[in-house]
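I have placed the structure first, in the form of structure tokens, so that the comments after it can refer back to it.
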Amino acid sequence: MKFLYVLLILGIAASVEAVYKGYGKGYGKGGGGGGGNWGGYDMYGAAGAAGAAAAGVPVSAGTSLATAIGSIGTFGTAGPAYAGKLESREFHQYELRLCSCTKQKSSRNLLIMAKVQTLTEQSLQHQQEANEMKEQLKYGLANVEAMKNDQGRQQEKESTIDSNQLTVEDLSQHLLQQLDDLVSDKKLEGAENVHAISTSEEGRTNSAPRKPVRYASNGQSDPKDCYDYFLKGNSRNGVYKVRPYGTNRLVQVYCDMKNGGWTLIQKRQDGTTNFFRDWEDYKEGFGGVYGEHWLGNSLIHRLTNQDHYILRIEMMDWDKNKRFAEYTKFTVDHEDEGYKLHVGGYKGDAGDGMIKHNNQKFSTRDVDNDQVVKEFGGSCAKRFHAAWWYYKCYQSNLNGKYYRNGKVDDKKFDGVAWKPWTGANYSLKEVEMKIRPISKEN
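With mature numbering (1 follows the signal peptide of the UniProt record, and there is no 0) applied, the sequence shown covers -18 to -1, 1 to 424.
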């Protein structure tokens, strides 16, 4: 039916084309004999009739277009129905496609919803895990805090024990020292006051004659100390090379020329050098001669046994207050004798912090020569983090630990100390120990 409908349409189109052509050639000629006022325009031509006949429409050549159209209208009862079927089918197909798209969208929506649901569940699970981890972390932190508290309590207990031990040790040392002080005070009977105002007298404990000089020049021409340079006209402070008697090499020393040719044997000024060292380090010396240093017990022994020397100790606290202590007798024995100290003849304004160290051997953390009974604390050098001519244990500790601002840790008593001036729990800012031949004094 669809095919016939198409043929009818084609026939009508062909008739119209023929009428148009007939009109161009003359009336009725191209229209298959059509005539009248309208000629090829208004008549249904032969081609149209043929097309109509093929389509089953009862028209002939010369039939008017109106009639033909009416016939088509008659035929059109099937046309619109067919067209309706076509439209219905297309609409149905559209519905099917729309339904398919809707189903696809619904499927996608379902997938999206499923994914959203999955992500939501995963998020809830992660949140739950995070909460559990937070709880575990809180629990762990609580345990750590508890452990820290336990450790702190344990440290407090240990500190209390150490403090008690130190207290017992300090008490024993202080008792022994007080007994020693009492005996010394009875023996001295005010000799320290005499020393403070006179350099010509020595205390009763220092009244032993001087030891003879061990080392002679043997024709040596090199300066043996800073004072020799001073006598030659040198007046600038700085580093010079000297060769003490009995040595075969020149060594560098720092010379204080402006104050009369002093040779420095020790200097403390900024805490850059560690003074808590072994015997060998103190024997050979350490540090730099321009800064903090210990000249060395071996060299100090050589210097102080080639002539009779005086020792001058200059000190400054953290408020820039300065004091000094000077001794007209200062000698250090050979290593075989433990670098034993011989000191006396005090004068100055710092108080005598060396007299009780007289006749004591040198002690370091690895060589203990002090007078403390080992059952009552052992090594003074270890106890006070230094090296010195300890007895039981000290009146001075000039090689002690360097504390900035002078404040020593509680109950340590291990600073750069000079008890007669600042006490045992204060650390000095600067110290210089220097020597010069006493025979050259005016």
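Each residue gets a CB set at the ideal place from its N, CA and C atoms; glycine is no exception.
From a predicted model like this one, the values you see are computed outputs, not experimental measurements.
Backbone secondary structure at residue i - three-state DSSP
| i | result |
| --- | --- |
| Leu78 | helix |
| Ser88 | helix |
| Tyr211 | helix |
| Ser345 | strand |
| Met115 | helix |
| Lys206 | coil |
| Arg284 | helix |
| Glu317 | helix |
| Leu170 | Legend: pLDDT at Leu170 = 39, less than 50; position of this residue unreliable, value from coordinates given subsequently. Helix. |
| Glu274 | coil |
| Val98 | helix |
| Leu93 | helix |
Extent of the continuous alpha helix (DSSP H) run through residue i
| i | result |
| --- | --- |
| Ile295 | Taken as a continuous stretch (DSSP letters only), Ile295 belongs to no alpha helix (DSSP H), being part of the beta strand (DSSP E) at 291 to 298. |
| Lys311 | No alpha helix (DSSP H) holds Lys311; the beta strand (DSSP E) holding it covers 304 to 314. |
| Ile337 | Here Ile337 belongs to no alpha helix (DSSP H), and DSSP marks it neither H nor E. |
| Asp263 | 261 to 266 |
Opening and closing residue of the beta strand (DSSP E) in which residue i lies
| i | result |
| --- | --- |
| Trp247 | It should be noted that the sequence gives Ile, not Trp, for residue 247. Taken as a continuous stretch (DSSP letters only), the beta strand (DSSP E) holding Ile247 covers 244 to 250. |
| Leu323 | 323 to 330 |
| Val235 | 233 to 238 |
| Gly220 | 220 to 224 |
Proximity test, residue i beta-carbon vs the ligand ADP heavy atom, cut-off 8 Å
| i | result |
| --- | --- |
| Ser378 | For the ligand ADP, the structure offers nothing, since it holds no ligand at all. |
Presumed contact (8 Å Cβ cut-off) between residue i and residue j, rounded CB distance
| i | j | result |
| --- | --- | --- |
| Cys208 | Tyr222 | 6 Å |
| Gly382 | His367 | 6 Å |
| Lys302 | Gly326 | 30 Å between Cβ atoms; not a contact. |
| Lys329 | Val354 | Not a contact, Cβ separation roughly 30 Å. |
| Trp244 | Val349 | Contact doesn't hold; Cβ gap of about 29 Å is too wide. |
| Phe258 | Arg347 | 6 Å |
| Leu232 | Lys416 | Their Cβ separation, rounded to whole angstroms, is 19 Å, which puts Leu232 and Lys416 out of contact at 8 Å. |
| Asn420 | Ile292 | The question names Asn, yet the displayed sequence has Ile at residue 420. Yes, they are in contact, since the Cβ atoms of Ile420 and Ile292 sit about 5 Å apart, within 8 Å. |
| Lys343 | Trp371 | 7 Å |
| Asp299 | Leu410 | 6 Å |
| Asn219 | Lys240 | 6 Å |
Pick out the complete alpha helix (DSSP H) segments inside the stretch 360 to 411, 4 residues or longer, and give them in chain order.
Counting only runs of 4+ residues, the alpha helix (DSSP H) found wholly inside the stretch 360 to 411 occupies 362 to 365, 401 to 404, in chain order.
Sufficient close CB pairs (3 or more, under 8 Å) joining the stretch 305 to 322 to the stretch 249 to 259
At 8 Å Cβ cutoff, the stretches do not touch.
Evaluate contact between the stretch 325 to 342 and the stretch 389 to 405, counting only Cβ atoms and requiring at least three cross-stretch pairs below 8 Å.
Contact holds: three or more Cβ-Cβ distances are below 8 Å.
Measuring CB atoms only, is the stretch 270 to 283 touching the stretch 387 to 401, in the sense that at least three cross pairs come out at less than 8 Å?
Verdict: no, contact absent.
Can we say the stretch 219 to 239 touches the stretch 282 to 300, given the rule of at least three CB pairs closer than 8 Å?
Touching, per the Cβ criterion.
Mind the definition here: the stretch 234 to 246 touches the stretch 318 to 326 only if three or more C-beta pairs lie below 8 Å; say whether that holds.
Under the 8 Å Cβ criterion, the stretch 234 to 246 does not count as touching the stretch 318 to 326, having fewer than three qualifying pairs.
The stretch 266 to 274 / the stretch 359 to 368 touching (three or more Cβ pairs under 8 Å):
Flag = no, the stretch 266 to 274 and the stretch 359 to 368 do not touch.
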